[in-house]
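Encoded as structure tokens, the structure appears first; notes follow it.
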Amino acid sequence: MKLKTLLLASLFVQFSTAQQHKDVKPQDLYATVDFLSSDALKGRETATESERIAAQFIQSKFIEAGIKPYFDTYFDAFESKGYKGVNVVGYIEGSDPKLKDEVLLLGAHYDHIGFDKKVANDSIANGANDNASGTATVLAIANRLTQLGTNKRSVIVALFSGEEKGLLGSKALAKKLKIQNVDLYTMLNFEMIGVPFTDRDYEVFLTGYELSDLGNKINTYTNSNLVGISDVAKKYNLFKRSDNFSFYKEFKVPCHTISSCDLTNFNFYHHVDDEIDQLDFVFMAATINKLIPGIVQICNTDSKEIQMYDTK
Ligand SMILES: [Zn+2]
2 MKLKTLLLAS LFVQFSTAQQ HKDVKPQDLY ATVDFLSSDA LKGRETATES
52 ERIAAQFIQS KFIEAGIKPY FDTYFDAFES KGYKGVNVVG YIEGSDPKLK
102 DEVLLLGAHY DHIGFDKKVA NDSIANGAND NASGTATVLA IANRLTQLGT
152 NKRSVIVALF SGEEKGLLGS KALAKKLKIQ NVDLYTMLNF EMIGVPFTDR
202 DYEVFLTGYE LSDLGNKINT YTNSNLVGIS DVAKKYNLFK RSDNFSFYKE
252 FKVPCHTISS CDLTNFNFYH HVDDEIDQLD FVFMAATINK LIPGIVQICN
302 TDSKEIQMYD TK
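Right, here's the structure in full:
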């Protein structure tokens, strides 16, 4: 009996170590943000050589994780308002013969504003929180989903160019997917998720929380109070100010941004001091690890449980 208990205990330890091993780690997120927000990338302004280096880096992360390109190549080039930008788009095919035609889109913009007003001889807007943090988050989630291999619905993983120039990359991709008649179930966009709130009973807010039951569903699926409402986000209608909105406009399905920054807890929005030392990677990893089972469930429910509220 004792031996059996011991055996079971040792199995449990092995199992939980294996589980932990697969959790998203702070150092992985750090490495991605470190590269994207380095001075060498000069603030990743849309359609610059530096932004192209960031795109190549994202492509290398997809290849490393075994994520396939959604189109013929990972690079989805577009031209808009005089900018030649490139989205980087990966694909994790669903395992269910029927549900795989339905798509969850995970997105974040990887571009930033380039150079900005000089402070103490520094003019590079590194955009660590905005939005190397969101990019690192999406890459980490996609990597984890690929390792798990349990998603019944398919997942498109999109890192957008041109957000800072007016959501250009996401508008181009949303139009393209609409023309291809993609059955978009829901879209989760990530923005500025590297600095925690200190005054909330949730970790992240959802822009446009009141428009659909996505927030409620994530909390139910994760059995937590992970996602909440930000009055500031509502006041400034942040729902319309990031790439989720491009997809909402085309598809009219739940498309929201997840963020931990509504500008009340971060002083360096579009500022040269938005640098890696401002970010809390332990918080980021913990939040992502809490969210992942919710994302898996979004991929796997029998029906499309997440719906827009009827606001008529
Ligand atoms: Zn942003």
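For the sequence shown, counting from 1, position 156 maps to 157 in our numbering; every step adds exactly one.
Don't be surprised by glycine CBs; every beta carbon is placed ideally from N, CA and C.
If you're wondering where the values come from, they're calculated on a predicted model, not measured in any experiment.
Would DSSP call residue i helix, strand or coil?
i: Pro320; result: With the chain represented from 2 up to 313, any question about residue 320 goes unanswered, as that position is not in the structure.
i: Asn132; result: helix
i: Ile93; result: strand
i: Lys62; result: helix
i: Phe36; result: helix
i: Ala159; result: strand
i: Asp200; result: coil
i: Met285; result: helix
i: Asp232; result: helix
i: Ala56; result: helix
i: Glu164; result: helix
i: Met2; result: Any reading at Met2 needs caution, since the residue's pLDDT is 49, under 50, leaving its predicted position unreliable; the model's value is listed next. Coil at Met2, not helix or strand.
i: Asp303; result: coil
I'd like to check one pair, residue j with residue i: are the Cβ atoms closer than 9 Å?
i: Tyr111; j: Leu169; result: no
i: Ser51; j: Lys62; result: no
i: Tyr71; j: Gly95; result: no
i: Val34; j: Thr151; result: no
i: Cys262; j: Tyr249; result: no
i: Asp131; j: Asp275; result: yes
i: Val228; j: Tyr210; result: yes
i: Ala359; j: Gly163; result: Outside the shown range of the chain (2 to 313) lies residue 359, about which nothing can therefore be said.
i: Glu165; j: His113; result: yes
i: Lys179; j: Phe252; result: yes
i: Leu160; j: Leu140; result: yes
i: Ala66; j: Ile54; result: no
i: Asn144; j: Val25; result: yes
i: Leu292; j: Ser134; result: no
i: Gly167; j: Met285; result: no
i: Val254; j: Leu174; result: no
i: Ala109; j: Asp244; result: yes
i: Ile64; j: Ile296; result: no
i: Asn224; j: Ser171; result: no
Please name the residue in the options whose C-alpha comes closest to that of residue i.
i: Thr138; options: Pro27, Lys250, Lys253; result: Pro27
i: Leu239; options: Glu276, Phe79, Asn190; result: Asn190
i: Cys256; options: Met309, Asn220, Ala66; result: Met309
i: Phe315; options: Pro197, Val254, Asn224; result: Since the first residue shown for the chain is 2 and the last is 313, residue 315 is missing from the structure and cannot be characterised.
i: Phe246; options: Val233, Gly295, Leu207, Asn224; result: Leu207
i: Leu107; options: Ile259, Tyr210, Met188, Ile299; result: Met188
i: Ile59; options: Leu149, Val158, Glu103; result: Val158
i: Arg201; options: Ile230, Asn224, Asp24; result: Ile230
i: Ser213; options: Thr258, Gly83, Lys172; result: Thr258
i: Ser155; options: Lys119, Gly295, Lys101; result: Lys101
i: Tyr84; options: Thr288, Val104, Asn224, Glu46; result: Glu46
i: Glu103; options: Leu264, Thr265, Asn182; result: Asn182
Chain B beta carbons: is any one of them nearer than 9 Å to that of residue i?
i: Ser260; result: Absent here is chain B; the protein component of the structure consists of one chain.
Quick one, what's near ligand 1 if you take every residue whose CB is closer than 5 Å to any heavy atom, in chain order? With the cut-off at 5 Å, the residues found are Asp131, Asn132, Glu192.
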